[in-house]
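S.K.: Below is a structure I'd like to ask you about.
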Amino acid sequence: CGECTITLEDVQLQLGLLVDGSVLTRFVQSVDWEAVCYDILGAISDNIYRGRIEMGWLRGTFPEPGNNLTEVERIRYTRAYIL
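Rendered as structure tokens:
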């Protein structure tokens with residue numbers, strides 16, 4: 547029927563992340579989200595709220611990629627696509 551669902555096993559196989567066992571998280575109280583955004587995507591959203599950015603900004607900043615992207619640009623587009 548053309549539908550699929552991403553499972554934890556898919557995540558483990560694709561990314562090499564462990565998906566069983568104890569969960570490890572921590573609370574981040576104060577972060578320079580603009581710096582994080584720039585480090586990951588190479589661009590800074592004007593509207594970051596509590597670590598969240600708008601999907602419209604991602605779509606506008608990372609439109610359909612061309613064939614002449616540099617390696618760094620390909621990595622940034624990939625990260626934006628994952629988000």
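Taking the numbering used here, the leading residue of the sequence shown gets 547, the next gets one more, and so forth. Glycine included, each C-beta is placed from N, C-alpha and C at the ideal position. The structure presented is a predicted model; accordingly, all values stated were derived computationally and were not measured.
Check Arg-625 in the structure and name its three-state DSSP category.
M.R.: Locating residue 625 in the sequence shown gives position 79, counting from the first residue. Correct three-state label for Arg-625: helix.
S.K.: What would DSSP say about Arg-631, mapped onto helix, strand or coil?
M.R.: In the structure as shown, the chain begins at 547 and stops at 629. Residue 631 is therefore absent and cannot be evaluated.
S.K.: Per DSSP, which one or two residues make a beta bridge with Arg-605?
M.R.: If you number the sequence shown from 1, residue 605 lands on position 59. According to DSSP, which records beta bridges pairwise, Arg-605 is partnered with nothing at all.
S.K.: Within the continuous alpha helix (DSSP H) that includes Asp-556, where are the two ends?
M.R.: By 1-based counting over the sequence shown, the position of residue 556 is 10. Start and end: 554-561.
S.K.: Quick one: Cα of Cys-550 to Cα of Asp-556, how far?
M.R.: For the purposes of this step, residue 550 is identified with residue 4 of the sequence shown, where counting begins at 1. For the purposes of this step, residue 556 is identified with residue 10 of the sequence shown, where counting begins at 1. Roughly 11 Å separates the two Cα atoms.
S.K.: Please check the pair Tyr-623 and Leu-629, which I expect to be a contact at CB under 8 Å, by giving their CB distance rounded to whole angstroms.
M.R.: Here residue 623 is taken as the residue at index 77 of the sequence shown, counted from 1. Here residue 629 is taken as the residue at index 83 of the sequence shown, counted from 1. 11 Å between Cβ atoms; not a contact.
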